[in-house]
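This report concerns only the one structure given below.
Protein chains: 2
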Amino acid sequence: MARRPTIRDVAQRAGVHPATASRALNPALPGRITEATAGRVRAAALELGYTPDPTARSLRTRRSGVVGVVVPDLTNPVLPPIVRGVEETLWDAGLACLVADTDNDPEREASAIAELAARRCEGLVVASATRDSATVRALAGDDVATVLVTRDVPAAGLSFVGGDDAAGVRAAVVHLVGLGHRRIGYVAGPGDLSTTRTRVRALRAALAAAPGRPRPVVRHARAYTVTAGRAAAARMLAGDGDLTAILAGNDMLAVGVYEALADAGLRCPADVSVVGHNDMPMVDKLEPPLTTVAIPQYEIGVAAARVLLGHLAGERAPERRLLATRLVVRRSTAPPGR
Amino acid sequence: MARRPTIRDVAQRAGVHPATASRALNPALPGRITEATAGRVRAAALELGYTPDPTARSLRTRRSGVVGVVVPDLTNPVLPPIVRGVEETLWDAGLACLVADTDNDPEREASAIAELAARRCEGLVVASATRDSATVRALAGDDVATVLVTRDVPAAGLSFVGGDDAAGVRAAVVHLVGLGHRRIGYVAGPGDLSTTRTRVRALRAALAAAPGRPRPVVRHARAYTVTAGRAAAARMLAGDGDLTAILAGNDMLAVGVYEALADAGLRCPADVSVVGHNDMPMVDKLEPPLTTVAIPQYEIGVAAARVLLGHLAGERAPERRLLATRLVVRRSTAPPGR
DNA sequence: TTGAAAGCGCTAACAA
DNA sequence: TTGTTAGCGCTTTCAA
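Now the structure itself:
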C-alpha cells in the first residue's frame, strides 16, 4: 500500500464499518463504542500509521482547524512575542496559524483577509488594523470570529486585547513630573492607529492633572519607525527648545528621539529625559538604557488566543481586555537641568 | 441564499454543467471552453461572489496550497526578516504559510512537523534543525518538499539556504588581524547546530592562515542568548585574560560579551574588540555600535521560498545556496592596546 | 466543446 | 452499540 491509509483501511483491518472506526477514534462523536471494538480499531490505526485526512474532515465538518493571523510587520520587535503567544495557545487547542504580513499596507490587509476567508479560516487575529479599516469593520458583520490585538477599531463591535496604555502613559508622566519635569513633549505615532490616539489622550489627561498643568507638546511621526521618530523629534526640538523630557509613542520612536538629541548636541538624560513604550527587546542595552512602558507582549498574545477560542466555542459578545502595563525605569530619565 | 455559493450555483445561473463552470473558471484545467460560455460563467461567479472552496478542491486535487514554516524561536530577531521573505514569496505564489514555533525544543520540532504533515502541507521550510535531528533527516525519505534555512543537517540530502558564514568569519578575522590583533577568542554557539560548526571551522582556518598563526581560543555558549554569551565570555576572560579581541557566534552572544567585559572592568574597544554575526536590528544602536557579519536575512527567506517552489514544480535534486555576507565595521573594533 | 457520472476521505443522520 | 446511506464541493475521466 503505497498510498496513505484511510479510515476504510483501518475499518477493514479491525473488521468494522468505517463509521464505527471513525467514532472509535474520535470519542467526541455521538454514539458510544464498546471498549473492545474501540481497542481493535485503535490498534489497527496504530499498526497502519493512520492519521485522519484533515481536508476530508474539514469538508465534512465545515471546520478548517485553521486561524488566520494578520500582522502589520513581523519585523517590528513588539510583534514576535505576541505572535508566539497566539500561536502556542492556539496550537495547543489544535488550531494552526496561517500568518500573513501586510507591511502596513491597507490594500495588502484587505487581500490577506480576503484570502484567509477564502481559505475558510475559522477565526482571525488581526494586529494590523487602522482605526478606520473598512476591511476590518466588515468583519464584524461576517460570522467569522475575530479578535483585534494592540490596534483597535472603535465602534466596530469586535473583541480587542491590548496593553493598558493609558495607565502606562499616566505612570510615565507621573514619573517625569515627580522628577521635576514641567516641559514635556510627546512624539506620537501615526494618528490613524488606535494606539496612538489612546496614548495621546492619556498624555493630555495626565498633564492636565499634573501640578502646573504643563502644556502638552505633541508631534506626530509618519510611522512607528526610528527614522520617522528622529524627524518628528527634530521638528519638536526646533520648535520647542526648552523641553526637558520627551515621551515617545513607542520604543522605535524613542530610538529616533535619541538620534535627534545627538544630532542637536543634547545629552540624555542630562539635558533631556526620554521615555519609550513597549519595552521591546534590546532597549535595555541602549546607551542610556531606555525607561519605557512595558506591555506584556506574550500574555497579550495568549489572551487574544483565549478570547478567540471563546468565540469559536460560541461566545458571541465582544470582549475587551486591557492587560496591565508597567513602567520600567532605567537610565534615560533623571531630574531636569543637571 | 444564506450559505456561500458553490460551483453548482454558478453553473445553474450560467446555464451550464458544474464541470463546465469549473473548467471555465480554471483555464489550467483540460478542456477548452468557448469564450462565450466562459464569459457567462465568469459573470455568474462575479454576481454571486463565488470563491471556490479550497477544502473541497484540496480533497480532489490532493494539493493543500499550504506550506509549513518551522522556526526555533520567532523572538530571535534574526528570524522575522527571514520569515517575511519566505511568507511574501510563497504568498505571491498562491501558497499560505502555517507557522510553528518549536522554542528550540527537539520534541516540539517533531510534533510540529508531524502535525504539519498530518495537515497535508505541500512543503516545509525548516529553520529549527539541529545537526542530528532525526525528525528532519526522516523528511529526506518522505516525498514532502523541504528546504532547510540557516541551520543545515549534514548529509541529509536536503536543500539548504543560508548565508555564506565561512566567508563572513574570514572577513572578520582578516579585519581584526589587520588591526593588529593576535590574541583572538571565539564565543561559539551550541555545538549541535550547523551554523556553529561552520563558523568555528572558518575561524580556525582563518587563524591558521593569519600571520603568526594565532592560537584559536574557543568557548561554547549553551544557547544563542545574551545570558549564555555572558557566561561563556566570562569563563573565557578568566582563562585567557590576555585576549585583545573576541568574535561572537551571533549578535546575541556579542551582547553577552559586552556585559562580561563590563563585569570584568574592561572597555570595548579600548581593551577588547568585539565582532558579532547576523547584524540583527538595533545592534547599530548599542554602545559601542557593534561590528558584525551581516547576513542578507530577507533575501535568505526569499531564496528559500524559491528553492521550495522549485521542488514543488518537480525539481528533485537538492540545492545549496549560500548568500553573500558582508562585514559591517562599526565602533566595537579598533587596534589593540590603546 | 460540453455533459454525465464518479469519487477524493470523512462523518452526520438515520435505521437496525 | 453498530451499520447503512448519503453527501460535503470540487475536479477528473469518459462519453457524447
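Line by line, the protein sequences are chains G and D.
The first sequence runs 1214 to 1551 under our numbering.
The second sequence runs 1214 to 1551 under our numbering.
Glycine is no exception: its CB is placed at the ideal position from the N, C-alpha and C atoms.
Quick caveat, the model's predicted, so the values are computed rather than measured.
Within a 10 Å sphere around the beta-carbon of Glu1301 (chain D) sit 16 or more other beta-carbons, which makes this residue buried. Close to Glu1301 (chain G), with beta-carbon spacing below 7 Å, are these residues of chain D in chain order: Asp1314. When DSSP reads this structure, Thr1504 (chain G) sits in a beta bridge with G:Val1488.
For His1433 (chain D), the three-state secondary structure derived from DSSP is strand. For Leu1292 (chain G), the uninterrupted alpha helix (DSSP H) run begins and ends at 1292-1305, by DSSP. Look at the segment 1232-1293 of chain G and you find these whole runs of alpha helix (DSSP H), each 4 residues long or longer: 1248-1261, 1267-1274. Taking 7 Å as the upper bound on Cβ-Cβ separation, chain D lies near no residue of the segment 1240-1263 of chain G. As the crow flies, the alpha-carbon of Leu1460 (chain G) is around 40 Å from that of Leu1536 (chain D). The continuous alpha helix (DSSP H) containing Gly1452 (chain D) extends over residues 1439-1452. Taking the CA atoms as reference points, Ile1397 (chain G) sits about 55 Å from Arg1217 (chain D).
Assignment of Gly1404 (chain G) by DSSP, reduced to helix, strand and coil, places it in the coil class. Inclusion of Met1495 (chain D) and Leu1337 (chain G) in the CB contact set at 9 Å is not warranted, their separation being larger than that value. When 7 Å is used as the limit between beta carbons, Cys1310 (chain D) is near these residues of chain G: Leu1311, Val1312, in chain order.
Counting along the chain, the unbroken beta strand (DSSP E) around Arg1534 (chain G) starts and ends at 1533-1536. Using a Cβ-Cβ cut-off of 9 Å, Val1400 (chain D) does not count as an interface residue toward chain G, since no Cβ of chain G sits closer than that to its own. One alpha carbon belongs to Leu1352 (chain G), the other to Glu1532 (chain G), and they sit about 15 Å apart. With distances taken between CA atoms, Val1291 (chain G) lies nearest to G:Thr1438 out of G:Val1431, G:Asp1455, G:Thr1438, G:Arg1543. Between the segment 1332-1350 of chain G and the segment 1359-1376 of chain G there are three or more inter-stretch CB-CB distances shorter than 8 Å, so the stretches are counted as touching.
Ranked by Cα distance from Ala1385 (chain G), the options G:Ala1415, G:Gln1225, G:Asp1314 are led by G:Ala1415.
For Ala1379 (chain D), not one C-beta of chain G is nearer than 9 Å to its own C-beta.
Neighbours of Ser1271 (chain D) across chain G, judged by C-beta separation under 8 Å: Thr1268. In the displayed model, Thr1411 (chain D) falls within a helix according to three-state DSSP. With respect to chain G, the C-beta atom of Gly1278 (chain D) has a partner C-beta closer than 9 Å. Apart from the 5 residues on each side of it in sequence, Gly1404 (chain D) sits with its Cβ closer than 6 Å to the Cβ of His1433 in its chain, given in chain order. When 9 Å is used as the limit between beta carbons, Arg1332 (chain G) is near these residues of chain D: Pro1267, Thr1268, Gly1278, Val1279, Ala1309, in chain order. Around the beta carbon of His1230 (chain G), a 10 Å sphere encloses fewer than 16 other beta carbons of the protein chains shown; the residue is thus reported as exposed. Take His1394 (chain G), set aside five residues on each side of it, and the residues of its chain with a beta-carbon closer than 6 Å to its own are Thr1457, Ala1458, Pro1549, in chain order. The DSSP-derived three-state label of Val1390 (chain G) is helix. Around the CB of Pro1367 (chain D), fewer than 16 other CB atoms lie within 10 Å, so the residue is classed as exposed. Interface residue (Cβ-Cβ distance to chain D less than 9 Å): Pro1293 (chain G) is classified as such.
Looking at the backbone, the Cα of Asp1476 (chain G) and that of Ala1446 (chain G) are separated by about 10 Å.
In this chain, the beta strand (DSSP E) harbouring Gly1336 (chain D) covers 1336-1339.
Ala1232 (chain D) and Ala1347 (chain G) have their alpha carbons spaced roughly 36 Å apart. The beta carbon of Thr1504 (chain D) sits closer than 6 Å to the beta carbons of Val1488, Val1542, Arg1543, Ser1545, Thr1546 from its chain, once the five residues preceding and following it are set aside; these are given in chain order. In the displayed model, Arg1539 (chain D) falls within a strand according to three-state DSSP. Residue contact check for Arg1544 (chain G) against chain D: no CB pair falls below 9 Å.
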